[in-house]
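I have placed the structure first, in the form of structure tokens, so that the comments after it can refer back to it.
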Amino acid sequence: MLGEVTGRGGMETVISDTVIGYNASVNNCMKVFVLGGSRDETWLERMGGRNYHLLCSAKESKVRRYLKCMVEAPSGIKAFEPDIILGADEKAVLYAKIISKFLNKKPEVGTWIHFSLTSISPFYKKVLKSADFHLAISEGLKKEYIENGLADESRIHLVYNPLNMDHSLMNRPLHQAHFIYVGRLIYDGQKRVSDLLRAVSQVVGDWKLTIIGDGEDKNRLVQFAADLGVGPKVSWLGWQDRPFECIKDASLLVLTSEYEGFGMVLVEAMARGIPCVSSNCPVGPSDIIKENENGWLYPIGDNKALAGLLNRIVAGKLELPDPSEVRQSVEKYDIGQFIERMNRVLEDEQKLQRTGR
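Structure (structure tokens):
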């Protein structure tokens, strides 16, 4: 269960892959209830019509969406008769707790949050604390649950995120260094794409940057790149459903975020043998990146440190890891292993439910 989404984020990919994999390999049924609408519905269509319930359109007014949520959602959820409800955001967890009280069969309510808890208000942290159990997608997120006093370690299950590993290794350019960024275009805020442009403006030598993604700050960022004098070296490909199929080669993927829930794009790149440089933000990158094995971390907002890493790579002073070893470093995220972990956790929770905890 989740609220309003863009339909183009890593969370949507994870949820759709989970539903498809879980329903195909396990004798159970998982269904997605989207309470607030999705601006792009392609990810839902991938799952097949019977595997999701879209309560409203993201184009409808907030009042109309709220009314539909209050009137239509209860009947749809009651008809599905869930044993467990997973809330993918704090508002969905609150709604799940409320609606579970009115169902004949009282389901367990778990959290499956896909972002750092630092952005959640004290009220909603209390809501999360009221859940029966928690799925953590990273060690960092598990630590945040414990440090915020939201759960005992025994009630937190580390499941990571799923990834389809069935990808060919990306070609690596022999001469010109090719940096890539994949994600929303936010100048400062969460993604801090302006940091990336500031850093590459300090890089000497033969390099180019490809930016794949869209957002309301795109025009501002394009102008900023021009102001920094790197406009001709930066390509803007816009949002792409299959971003890694839009490029022929890559030296390195760069992530400059203020915070993440996991940093799925890092794993997606590494599954193709592409090493990564990321800010050491909460939460996820420090779980994924192993220094010199598959990439490097740098302090959030430290453009000088980022530029230093990129300069050393362009100059050949910092050797990029072997693509096969980069890929091997993220095999634990393979979707088959993930589905096994998820199924084991949910089965254990159902057993606890039947025995009254």
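Here the sequence shown stands for residues 1 to 357, numbered as in the UniProt record's numbering.
Using N, Cα and C, we set each Cβ at its ideal position, and we do this for glycine too.
query: Can Ile335 and Asn164 be called in contact, C-beta distance under 8 Å?
result: yes
query: Using the C-alpha atoms, what's the distance from Phe102 back to Ala79?
result: In a straight line, the C-alpha of Ala79 is about 12 Å away from that of Phe102.
message: Just verifying my parser: in three-state terms, what is the DSSP assignment at Asp334?
response: strand
query: Which residues in the same chain have their Cβ closer than 8 Å to the Cβ of Leu54, if we skip the five residues on either side of it in sequence?
result: Val34, Gly37, Ser38, Glu41 and Leu44
query: How do the stretch 289-309 and the stretch 187-203 stand: do at least 3 beta-carbon pairs fall below 8 Å, yes or no?
result: yes
- prompt: The alpha helix (DSSP H) spanning Ala225 covers which residue range?
  reply: Lys218 to Asp227
- request: Quick one: give me the first and last residue of the beta strand (DSSP E) that Ile180 is part of.
  value: First-last of the beta strand (DSSP E) with Ile180: Ala177 to Val182.
field: Element boundaries [beta strand (DSSP E), containing Tyr298]
entry: Gly295 to Tyr298
- prompt: Around the Cβ of Ile98, are there at least 16 other Cβ atoms within 10 angstroms (buried) or fewer (exposed)?
  reply: When all chains shown are included, Ile98 counts as exposed.
message: Whole angstroms are fine: how far does the CA of Arg341 sit from the CA of Ile212?
response: 32 Å
The stretch 267-285 / the stretch 322-336 touching (three or more Cβ pairs under 8 Å): The stretch 267-285 is in contact with the stretch 322-336.
Cβ neighbour criterion (16 or more within 10 Å) applied to Cys29: exposed
message: Here's the rule I'm using: 16 or more other beta-carbon atoms within 10 Å means buried, otherwise exposed. How should Asp132 be labelled?
response: buried
query: Which residue from Ser324, Pro285, Asn343 and Leu320 puts its Cα closest to that of Leu174?
result: Leu320
- request: Determine the burial state of Met70: buried for a count of at least 16 other Cβ atoms within 10 Å of its Cβ, exposed for fewer.
  value: The residue in question, Met70, is exposed, as its Cβ has fewer than 16 Cβ neighbours within 10 Å.
Range of the contiguous alpha helix (DSSP H) that encloses Cys69: Lys62 to Phe80
- prompt: Does DSSP put Trp112 in a helix, a strand or coil?
  reply: coil
- prompt: Tell me which same chain residues have a C-beta within less than 8 Å of the C-beta of Gly261, skipping the five on either side of it?
  reply: Gly10, Met11, Ile113, His114, Phe115, Ser116, Ile137, Ser138, Leu141, Val283 and Gly284
field: Pair within 8 Å by beta-carbon distance, His178 and Asp249
entry: yes
3 or more residues per run - each beta strand (DSSP E) lying fully within the stretch 140-175: 156-158
task: Helix, strand or coil for Ala136, going by three-state DSSP, please let me know.
output: strand
- prompt: Based on the DSSP secondary-structure assignment, which residues constitute the bridge partners of Asp249?
  reply: Asn171
task: Determine the contact status of Gly301 and Asp152, defining contact as a CB-CB distance below 8 Å.
output: no
- prompt: Could you give the distance in angstroms between the alpha-carbon of Val32 and the alpha-carbon of Val127?
  reply: Using only the alpha carbons, I get a separation of about 21 Å.
task: Taking Pro122 as the reference, give the member of Asp188, Gly295 and Lys91 with the closest Cα.
output: Lys91
field: Residue interval of the alpha helix (DSSP H) (run including Ser16)
entry: Gly10 to Ser25
task: List the whole-angstrom C-beta distance separating Gly273 from Val314, where the pair is believed to meet the contact cut-off of C-beta under 8 Å.
output: Going by Cβ atoms, the distance from Gly273 to Val314 rounds to 19 Å, so no, they are not a contact pair.
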